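337 is the number that my numbering gives to position 337 of the sequence shown; each next residue is one higher, with no gaps.
The C-beta atom is built at its ideal place from N, Cα and C for all residues, glycine as well.
This structure is a prediction, so every number in the text was calculated from the model and none was measured.
What follows is a set of notes on a single structure, which appears directly below.
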Amino acid sequence: MFATLKFAALLLAVVVCWATQDYDYNDAEIDEEPTLGDSPYGSLWPLPQKVQISTVVFKLSGASFHIFDAKASSSGASCRLLQNAYRRYDEYIFTSSRKQGQNKSKKALASDMSELQVWITSADSECDSYPSVTSDESCEFTGMVFYSLCKLYQYFNNNFILHLFIFSQKSINRTDIHDFPRFAHRGLLLDTSRHFLPIKVILANLEAMAWNKFNVFHWHIVDDPSFPYLSRTFPQLSQHGAYHPYTHVYTPSDVKMIIEFARLRGIRVVPEFDTPGHTQSWGKGQKDLLTPCYSGASPSGSFGPVNPMLNTTYDFMSMFFKEVNTVFPDAYVHLGGDEVDFSCWKSNPDIQKFMEQQGFGMDYSKLESFYIQRLLDIVTTTNKGYMIWQEVFDNGVKLKSDTVVHVWMGNKVEEELQKVTEAGFTTILSAPWYLDYISYGQDWQKFYRAEPLSFKGTDAQKKLVIGGEACLWGEYVDATNLTPRLWPRASAVGERLWSDRDVRDLNDAYSRLAKHRCRMVQAGQKVTVCIWCGHQLH
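Listed below in structure tokens is the structure:
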């Protein structure tokens, strides 16, 4: 867990807004187009918990503004996290105006704001640590010279500084902000198996995640179509399972770079290695891992899920997940467990005999549970926590008390949330936020309306819902269309998971989202259209 960091700094903030409405999970239709107007709080996204705007106005000096360590700060030039953030946000705020040669001859006026001093007073800045689900992301900013209590990652991952660059050389009101996330887990799932995603695309979307206060990159790294993860222990998996063994793989150095890039933006990287289904690509490089399917009395030549009856299967999984534990520093790994097709198991005479020996009868969900429970025991020995798709819970697999159940199926969502939390399990929600499903018009509205806590349950149950994830599966998404497919639609999910439950006014959200989208475009992101941007000439 991160130590609480105390900052005293000189900062500008901008402006924001809210209102109220309930969500029905079955309400997939967009009733009407929202009205575009001016929010009294400008373009801040996602909306902070509390905002107070004064009439005192200041200007940001593009000619001289800079960010630096205060003399009394306990962290300075040696803190890579801080120095990286200084450079990054200075570029975000001023690169455009500096490239255009604005203010070269102008000197800062006495009334201009020209600096941000960062003062870290905690003894241990933990500059080299990784964010976690327990990280404190609260911040309090008071006026222009303020005292704040912040987590280091949140301080430089939030939108407060980012909002300044669009207001460069413009008037800004003095603003007080008290902010913290509603949910601790605000994730985005990207699928790199169905279509390989180049490193630069992943990094660009990690950047966009930070702008929208997402803090978990759920990396669905392998699946049936391909195995792009280059394993040190089992290199044959990607050698035979990737689309190309050299150009379409993520090497150990690639993975390390992505994790570090994410860390510097306060984002966790949670890998998913889904078994026993979704494993066709695994079998291409690991002999006898998958179950041979039969057509009558003879093998058909095709293969099904992981073979759960062989000890060699569990030997392999033990070695593989030991490697995963060393490569991915997050405390959790996603183990999948969804959509297991039993037809191949049913066709195999050896599996049938094993079922009889185990007393499973013809209930193949018990065979799935047998495999999953052994896998969970293996992962437990690595000291990793695990996340699983909801089917594992639904099938009655014995789970550790700290298991995170991922609810994704669109039917009976509220009933599922009620059951999972009633059983005492931590839960994350994705069912309303499958962004690979597209429709005409501004479908961000239905993502925005979704309410994770609309199910019937006690306060204790609802506290077990720690957040959710937007999912972008890769059947029809590759490097050419991923970013515009995601943004700003995912931004709607970002605000739902960050801001107060009462922040629901679509007209106000539309005003702020349109400006936020234009800001992302101006910064070079290829996000899709939501409205014309004033700085664009087309």
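Give every residue of the same chain whose Cβ lies closer than 7 Å to the Cβ of residue i, excluding the five residues on either side of it in the sequence, and list them in chain order.
| i | result |
| --- | --- |
| M319 | T233 |
| V379 | F321, V333, L335 and Y386 |
| V477 | H195, D436 and R485 |
| A490 | L188, N212, L435 and A470 |
| V527 | T483, P484, W487, P488, R517, M520 and V521 |
| G241 | S226, F227, S281, W282, K284 and G285 |
| F354 | M309 |
| V397 | S369, I372 and Q373 |
Mind reading off the beta-carbon distance from residue i to residue j? Whole number of angstroms is fine, and I expect it under 8 Å.
| i | j | result |
| --- | --- | --- |
| V465 | L482 | No, V465 and L482 are not in contact; Cβ-Cβ is about 28 Å, not under 8 Å. |
| L206 | F217 | 6 Å |
| F183 | G467 | 3 Å |
| G494 | N212 | 4 Å |
| L290 | P305 | 7 Å |
| R268 | N215 | 6 Å |
| H516 | W45 | 4 Å |
| Y364 | W345 | 6 Å |
| Y448 | R374 | Between R374 and Y448 the Cβ distance is about 41 Å, and since that is not below 8 Å, they are no contact. |
| A492 | W444 | 4 Å |
| T35 | N507 | 5 Å |
Just grab the DSSP bridge partners of residue i for me.
| i | result |
| --- | --- |
| F303 | P292 |
| Q83 | Paired residue(s): none; Q83 is not in a bridge. |
| S298 | S295 |
| L116 | I67 |
| H185 | G467 |
| D441 | A small correction: the amino acid at residue 441 is Gly; Asp does not occupy that position in the sequence shown. G441 pairs with nothing; no bridge assigned. |
| H406 | W389 and I428 |
| D191 | H220 |
| H334 | E272 and M387 |
| L472 | L190 |
| N325 | According to DSSP, which records beta bridges pairwise, N325 is partnered with nothing at all. |
| N173 | V57 |
For residue i, which residues of its own chain have a beta-carbon under 6 Å away from its beta-carbon, when the five flanking residues on both sides are left out?
| i | result |
| --- | --- |
| G474 | D191, R194 and H195 |
| K462 | L453 |
| Q536 | With a pLDDT of 49 at Q536, under the threshold of 50, the predicted position of this residue should be treated as unreliable, though the coordinate-derived value follows. Nothing listed; no residue qualifies. |
| S138 | F180 |
| R512 | S39, S43 and W45 |
| G277 | P305, E339 and V340 |
| N84 | L264 |
Taking all protein chains shown into account, do 16 or more other C-beta atoms lie within 10 angstroms of the C-beta of residue i, making it buried, or fewer, making it exposed?
| i | result |
| --- | --- |
| N411 | exposed |
| V56 | exposed |
| V51 | buried |
| T480 | exposed |
| R501 | exposed |
| Y510 | buried |
| A450 | buried |
| R186 | buried |
| H66 | exposed |
| K548 | One cannot answer for residue 548 here, as it falls past the ends of the chain, which runs 1 to 538. |
| Y246 | exposed |
| I438 | exposed |
| R265 | buried |
| S401 | exposed |
| M362 | exposed |
| Q358 | exposed |
| K287 | exposed |
| G37 | exposed |
| V133 | buried |
| K456 | exposed |
| T175 | buried |
| D223 | buried |
| D459 | exposed |
| E416 | buried |
| A208 | buried |
| G337 | buried |
| T381 | exposed |
With a threshold of 8 Å on Cβ separation, who are the neighbours of residue i within its own chain once the five nearest residues in sequence on each side are excluded?
| i | result |
| --- | --- |
| W498 | P46, L47, P181, R182, F183, R186 and K213 |
| I428 | H185, G187, M387, V404, V405, H406, V407, V465, I466, G467, G468 and E469 |
| F68 | Y86, E115, L116, Q117 and V118 |
### Query
Is the region 246-260 touching the region 311-319, taking contact as three or more C-beta pairs under 8 Å?
Cβ pair count under 8 Å is below three, so no.
### Query
Are three or more beta carbon pairs between the region 293-301 and the region 259-266 nearer than 8 Å?
They do not touch, by the three-pair rule.
### Query
Any contact of the region 369-384 with the region 406-424, i.e. 3+ C-beta pairs under 8 Å?
Cβ pair count under 8 Å is below three, so no.
### Task
May I ask you to verify whether the region 269-278 touches the region 219-235, counting CB pairs closer than 8 Å and requiring at least 3?
Contact between the region 269-278 and the region 219-235 is established, with three or more Cβ pairs separated by less than 8 Å.
### Task
Kindly confirm or deny that the region 382-398 and the region 433-451 touch, where touching means at least three C-beta pairs closer than 8 Å.
No, the region 382-398 does not touch the region 433-451.
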